[in-house]
Every structure is written in C-alpha cells, then in structure tokens.
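Top line first, the protein sequences correspond to chains A and B.
If you count the first sequence from 1, you need to add 760 to reach our numbering.
If you count the second sequence from 1, you need to add 81 to reach our numbering.
Backbone N, C-alpha and C fix where the C-beta goes; we use that ideal spot for every residue, glycine too.
The structure appears right after this line, and notes come after that.
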Amino acid sequence: MTPAEILDSLFPAGHAVTAEIDLLFGRGMLESGTVHVIGATGRAPIGIDQAIRLSAAVLEITSIDDAAPILFLVDTASQRMSRRDELLGLSEYLAHLAKSLLLAEARGHRTIGLLYGGSAAGAFIATALACGTLVALPGAHPEVMDLPSMARVTKLPIPVLEEKAKATPVFAPGLDNLVRVGGIAEVWDAGRSLSEQLTALLATPRAGDDRATFGSAQHGRTKAAAVASEILAVAGR
Amino acid sequence: MSNTRQSWYEAGARERIAALVDPASFAEFIGPERREISPHLSIFDLPTQFDDGIVVGCGAIGGTPVFVAAQEGRFMGGAVGEVHGAKLTGLLRAAKAVARDVVIAFDTGGVRLQEANAGEIAIAEIMRGVVEARMAGVRVVGLIGGRAGCYGGGGLIAGCCSTLIVSEQGRISVTGPEVIETNKGVEEFDSRDRSFVWRTMGGKHRTLIGGADVFVEDDTMAFRDATRAALARAPKLDGNTLAAEQARLERRITRFGEASDATDIWQLLGIDDPWAIPDMPATGFATLADTYRERADDAR
C-alpha cells in the first residue's frame, strides 16, 4: 500500500497530512478523535536532517496537551551511512528522536508505529521500535542485517544461513521473524478497514513494555523476559 | 591506593567495575556461576561466555549505592545479544523501581549479528529503560573508552544517558567505519585511515561538539573520579531538556553542517591550530576544550 492509500483507509473521515520530501506531517480524524501523524517514507535512509525534523514535530505535538495519539508511518532504509552524518553525531540525533517519542508517550500520547515497508538497523530503533506499540502491514520487511552481509561476517554461505533460519527467528530478516521475537504486536489485515483496526488498538490499554513476554510466548526469545525479570526482582529488593 | 596507572582501554569489564566501585562493595546479579549463556551462538558453532559479555550488579561509589553494568569488549566485540541485553534491561527497570543511579561502562560494536533480531529489540528495550528511569529522576552515566568503542545501537543507548564520560579512545558512532566503506566506498569513508577515523568519531571530537560531557585520561581512576562528579549532578529529563537538546542539535547543523572534516569544525569553534588536537595530551586538551567546546549540560 502507498502512504496515500494507507491514510485514506485509516482516516475515511478526513486527514490533512503533507509531505516534505520523504517525511510526512499532519493529522487524521477517527470517530474517537484526532490522531497526529508523522511519517518517514520512500524507503529513504534516516540521517541527521531527517531525524531532527521528525523530533521537532514530535516535541511540538508533546507540547500540546491534547493526549491525542501519534501514528508514525514507517518505510525507511537504515540510518544514513555517511561521513557527514557521523561527523555531526548521528547517534545523538537518533537517540533524541527516540527520547522525544518516549517523552510524548509519558505525557499521555499513545505512540503507534505502523511499519508498512522496510526499516533497518539504527533507523528502525529510532523510529518504529521507539513507539509504544508497533504494528505492521503484510509485506513489511524489517531487517536488522541482510543475509549477504551476515554471510560475509559469519563466513557461512547464504544457503546454509537460510537453512539455519528455518529453525530460529533470531537472526534472519523478515516480518514473521520480528513478530516471533516480540518486536511487532500486531500484523493488520490490509483487506479490512485500517480505521477499524487502529480504533480497536487504541481502545486497548497498553501495559508497559511487553515485547520480551510476547517474544517468549512465541518461542522467539526464550530467555529475555525471564532474565530481565529476575534481575528486576533481585536488584529491586 | 596504588600509584600505578591502570589503562581503562586495556582493562576488562570486571577490572573496570573493580576500579569504579568502593572496595568489596560489588555484588553481581546473575553471575557467571549461573552460566546464563546465549541460547543462539551454538547455531553458529560459536563459543559462549558464562556472563554473555556483560557484568551487572550493585556496588557503592564514594559510599553511595549505585547499579553498575560493564560490557566486555573482548567477547564478541561487546555485542548485544538476547541475554546480554536482558541483563541491562532488568537493571534499568530495577533502577527506576528503587530510584538508584546507574553507571554503564560501554564497550560494544552494537547488535550481535548472530542474534540480530533479539539484539535489535533489546537495544530498544534498553533505551526505553534508560529514558523511563531518567524521567523518574535516576541518573544514568555512560563511560566510553574501551577497545570496541560504542557503535551501532550502543551509540543510541549512549545518546540516552544523562552524562557521558569519554577518553580519547572512546569512539562513538552509529555506523562503523568498515560498514560505511563497504556500503558507500572508500572515497566516502576510508576505514583504514586511523587518524581520520579517530578524529571523526573519537572522544576528543565528541567532547568538542558536545556529544560527550567530560573528557578524561585513559586511566581507571580518572573515570572513577569523573563518575563521582557526574553522580552529584541534578538528574533531569523532561520536556525542557528535550526542547533544549532539539535547539542544541539544530544549532550544530547550522553551525557545522557544511564542514567536511573534524578539523574544519574545530576551526569554526575558534581553535587556532586544529591539526594539533590529535596529538595533544589529555590534560592540555581538556583545558583547551573547556574554552572552545559546545556543551550539552541540561540539553541531553
């Protein structure tokens, strides 16, 4: 689906979302109220210039006390890989974007990431994975590390990696694998009204960071939830 | 107190913790005796380590109880896998629960490739843990000066900390030099040009642009003293902090966005002889940096 098709299905009552090259800003109307919309689209990398524009929008929303949710449409490449971005401190810009989303959430704005295309590595962490709830559309293709790069580093041929990937969701790219490790809460049905699916999601309260528990239930991450809980129990005494 | 200087860069995770905390004050959580190893490395016939490359626990610094985490850069480059990440996530959640400060000694190349999906989500969980703890009034102090530097997701976690203490060896970046070169070509980034890599990503440059707060010598005692000072600063992360950070990072692009090399930036900061910076000893550099550098202060 294109961003325009997604927005039409999400907000049949109307939306005012404008594009600035590959970024989106605006709002849509649900029966339950306004939803702030931001987006990083076009499979573009996220460098310092994109990150600072997105964080500005999130902080502006955060300063409005309307407690309206923020929907973040995501279809990116990885972080921008360049001398300029690293020279100027890309890690700070990506962290700042993530912090802004987390602050917005703490101020009462539900943050929903909608992954409808690609996203990878640092860009994925600072956008989709920094939202309180991450949902995806079928065909989304998150990847932390592509198999050819993995083959190079692990010195294993791609067919061997593909064979190993059948037994575990823990390293290979792809939506199903990210779902199984607990990174994605729901995969929506593109054939149904996205508006209804978003409304239903917003009607369900979110209780903390449950990604490890979710990953454990699906046998994708068998240890994370237990290890984190044990440390919390021992250290929190 | 020993008079022998101990290099932070050369030290391992446990040695760094021993140097940071008061004698005999450290208690580890889920220590190596538990053999809580990565369940995934065996898929690749790779060796595991009983602590999965990170030591977490509680101790005291100058009598004040703190939580401490130290990554082991000598095991898989300190990379974050499922168990490694969960230990840090649990520690940060505990810090929020009992309102206790956290010190993190970073030494990491980022997400562990062999368990990339688990590691990626772990980074997101850790960042959330840092930010939620900080919003609850906890300080999270990051120390960077190890072999592996602080790359990938490690750089993003560092960007969430309240204070960053670095030595010259403390490289902070998202994409590593080799990865930029592989993807964009040697003209964009020559990973074998060590002096270029260090002046672009190293502790001196990060200190000068405000990416790190305190510059110290490669000495475990210097890291400890700076940590004590950082733990005495007022904790804060709210809308004002992030508005100030937004302005600070926008200003950096306006001021230095056209620069093509770190030395151009240092010159714009007013430093007369930027090419002298890389060879400058730590104390001389710290004094000079205090005069010319950008600061994050309450904008981080």
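- Beta-carbon to beta-carbon, residue 874(A) and residue 834(A) are separated by about 7 Å, close enough to satisfy the 8 Å threshold.
- If you draw a straight line from the Cα of residue 231(B) to the Cα of residue 789(A), it is about 42 Å long.
- DSSP places residue 910(A) in the uninterrupted alpha helix (DSSP H) bounded by 907-914.
- Close CB contacts of residue 978(A) within its chain, under the 6 Å cut and outside five residues either way in sequence, are with 940 (chain order).
- Rounded to whole angstroms, residue 128(B) and residue 135(B) show a C-alpha spacing of 15 Å.
- Around the CB of residue 926(A), fewer than 16 other CB atoms lie within 10 Å, so the residue is classed as exposed.
- Taking the beta carbon of residue 170(B) as reference, the chain A residues within 7 Å of it are 988, listed in sequence order.
- Put simply, the CB of residue 860(A) is near chain B, with a gap under 7 Å to one of its CB atoms.
- Within the same chain, no residue comes within 6 Å of residue 905(A) by CB-CB distance, once the 5 residues on both sides are set aside.
- Rounded to whole angstroms, residue 165(B) and residue 113(B) show a C-alpha spacing of 12 Å.
- Look at residue 367(B) here: in three-state DSSP terms it is helix.
- Per DSSP, reduced to three states, the secondary structure at residue 835(A) is strand.
- For chain A, the residues of the region 183-201 of chain B that bring a beta carbon within less than 8 Å of one of its beta carbons are 192, 194, 195, 196, 197, 198, 199, 200 and 201, in chain order.
- Under the DSSP assignment, residue 811(A) falls in the alpha helix (DSSP H) whose first and last residues are 808-822.
- Look at residue 352(B): its C-beta is not under 7 Å from any C-beta on chain A.
- Here the alpha carbon of residue 841(A) sits roughly 8 Å from the alpha carbon of residue 264(B).
- Cα atoms of residue 993(A) and residue 295(B): separation of roughly 33 Å, rounded to the nearest angstrom.
- Selection 902(A), 853(A) and 796(A) evaluated against residue 872(A) yields 796(A) as nearest (Cα-Cα).
- Under the Cβ distance rule, residue 939(A) does not count among the residues neighbouring chain B, no pair being separated by less than 7 Å.
- Bridge pairing for residue 223(B): 185(B) and 245(B) [DSSP].
- Residue 803(A) carries a strand assignment under DSSP once its states are collapsed to helix, strand and coil.
- Under DSSP, residue 150(B) shares a beta bridge with 137(B) and 185(B).
- In this structure, DSSP gives residue 281(B) a helical state, which the three-state scheme calls helix.
- Between residue 156(B) and chain A, the shortest Cβ-Cβ separation is not below 7 Å.
- At the C-beta level, residue 238(B) and residue 208(B) come within 7 Å of one another.
- Assignment of beta strand (DSSP E) within the region 320-366 of chain B, counting only whole runs of 3 or more residues, yields no such run.
- Legend: CB atoms of the region 243-263 of chain B lying less than 9 Å from CB atoms of chain A belong to residues 253, 254, 255, 256, 258, 260, 261 and 263.
- Exposure of residue 115(B) is indicated by the presence of fewer than 16 other C-beta atoms within 10 angstroms of its C-beta.
- Apart from the 5 residues on each side of it in sequence, residue 971(A) sits with its Cβ closer than 7 Å to the Cβ of 942 and 943 in its chain, given in chain order.
- Taking a cut-off of 8 Å on C-beta distances, the region 265-280 of chain B does not touch the region 134-149 of chain B, as fewer than three cross pairs fall below it.
- With the rule of 3 Cβ pairs closer than 8 Å, the region 212-229 of chain B counts as touching the region 239-250 of chain B.
- The region 190-203 of chain B makes no contact with the region 82-98 of chain B; the number of CB pairs closer than 8 Å stays below 3.
- With a threshold of 7 Å between beta carbons, residue 915(A) makes no contact with chain B.
- Within the region 822-843 of chain A, those residues whose Cβ lies closer than 9 Å to any Cβ of chain B are, in chain order, 822, 823, 838, 839, 840, 841, 842 and 843.
- Distances from the alpha-carbon of residue 314(B) to those of 85(B), 336(B), 292(B) and 222(B) put 222(B) closest.
- Within chain B, the residues 330 have their CB atoms less than 7 Å from the CB of residue 853(A), given in chain order.
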